[in-house]
Amino acid sequence: MKLSRTARIVLGCVMAVGLAFVYLPLLLVLVDSFDADRSFGWPPSGLTGRWWVRALHSEGAREALLTSVRAGLGATGVALVLGSLAAFAVHRYRFFGRRTVSFLLVLPIALPGIVTGIALNAAFRTVLGPLGVGFGLLTVVVGHATFCVVVVFNNVAARLRRIPGSLAEASADLGARPWRTFRYVTLPSLASALVAGGLLAFALSFDEIVVTTFTAGPGTQTLPIWIYGNLARPNQAPVVNVVAAVLVVLSVLPVYAAQRLSADPAGGRL
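So the mapping is simple: the numbering used here equals the position in the sequence shown, first residue as 1, plus 1156.
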């Protein structure tokens, strides 16, 4: 479809406004992390890098970062296993309720986070409580995995739809057993989709706060929860800005890498 010059200008302006609405607040956080003043304010009274040094030596921020990394890696590992298996089952086999399974796998990411958090909180209290398992890193990992499975499932399912079935058939015709076919034919074709799905899952888990609030125990504090808890402390405002800027960068990098890995050599997206 060919658009007129006026339509292109209007669409370009709308796009610019939309991007500015999303990214200008992130830019303000980055600028505020160098503000010499202790309080949130604009314009900055001066520029300094001492808050970055202070954030580097903040024990609470370091522990929260380590907890977020652990939770992200754990949720990503669970999501890679469950999401991949579910994608293979839905793609390779025809069974009753196949569409329902696909719908149920995608549903958690569409539900409001507070609904998922309340449901998981009630489930953990009912199931894990009598077993003596309290809220902590394990419950956070399980909570994050519920929506991280979706991105892995979507990436692997999309790639499986693009892999010709003739490759596996040719491998079988040449005498390869199913496991050997999977190892040398299917898995290499899925490698970039698995990595992309894992990176997206880690990014989702790393900056999650709503579900974490309902599934973390008193001693479990991820980086987003640490930021939220220190916002009201005046002396911590500059350090919070620094940690928030780092969180933005750490969240953008895996998403960008996943987008590059998901790129179709022909110019599309898998």
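Just so it is clear, CB atoms sit at the ideal spot from N, CA and C, and this is done for glycine as well.
Per-residue DSSP class, three states only, for residue i
i     : result
L1330 : coil
D1191 : strand
L1284 : coil
L1387 : coil
L1360 : helix
A1422 : Note that A1422 scores a pLDDT of 47, beneath 50, so its modelled location is shaky and nothing firm can be said.
L1379 : helix
L1267 : coil
L1159 : coil
Option in the options with minimal Cα separation from residue i
i     : options                    : result
A1357 : Q1415, L1276, I1274, A1372 : Q1415
I1265 : G1233, V1305, L1355        : V1305
D1193 : A1393, L1406, V1257        : A1393
A1324 : F1259, Y1340, A1314        : Y1340
V1246 : L1330, L1316, A1401        : L1316
R1210 : S1201, S1189, A1220, G1202 : S1189
R1248 : F1338, L1221, A1227        : F1338
I1319 : V1298, V1308, A1401, P1344 : P1344
L1276 : E1219, L1159, H1300        : H1300
P1380 : L1403, G1273, A1388        : L1403
I1365 : T1223, A1328, G1353        : T1223
L1238 : G1273, G1321, G1373, G1353 : G1353
N1310 : V1351, F1251, S1201, V1396 : V1351
V1262 : V1411, L1355, L1183, F1303 : F1303
G1321 : W1335, A1401, T1342        : T1342
V1185 : A1401, R1333, G1292, A1328 : A1401
A1242 : D1191, V1312, L1355, V1411 : V1312
F1291 : C1169, F1244, G1375        : G1375
N1386 : K1158, A1328, G1216, G1174 : G1216
Exposure label - residue i; buried when at least 16 CB within 10 Å
i     : result
G1285 : exposed
W1207 : buried
S1240 : buried
L1236 : buried
A1172 : exposed
T1232 : buried
T1162 : exposed
G1228 : buried
A1347 : exposed
G1331 : exposed
Separation of residue j from residue i, as counted between CA atoms
i     : j     : result
A1349 : R1226 : 22 Å
Q1377 : I1383 : 10 Å
W1198 : V1187 : 10 Å
G1205 : F1280 : 43 Å
V1257 : V1398 : 42 Å
L1167 : A1388 : 40 Å
T1219 : V1297 : Position check: residue 1219 holds Glu in this sequence, whereas Thr was assumed. One C-alpha to the other measures close to 17 Å.
A1176 : S1214 : 32 Å
R1164 : F1259 : 37 Å
V1395 : L1180 : 20 Å
R1254 : V1234 : 22 Å
V1308 : G1230 : 14 Å
D1363 : L1182 : 14 Å
V1283 : L1293 : 16 Å
L1417 : L1287 : 42 Å
L1221 : F1252 : 44 Å
Residue-level contact to chain B via CB, residue i, 8 Å cutoff
i     : result
L1287 : Absent from the structure is chain B; it holds one protein chain and no more.
The ligand SAH heavy atom lying under 7 Å from the CB of residue i
i     : result
N1397 : The ligand SAH is absent from the structure shown, which contains no ligands of any kind.
Practice task
Report yes or no: do three or more beta-carbon pairs, one from the segment 1399-1418 and one from the segment 1359-1369, lie closer than 8 Å?
Solution key: yes
Practice task
State whether the segment 1365-1372 contacts the segment 1268-1278, with contact taken as three or more CB pairs (one from each stretch) at a distance under 8 Å.
Solution key: Contact holds between the segment 1365-1372 and the segment 1268-1278, because three or more Cβ pairs, one in each stretch, are under 8 Å apart.
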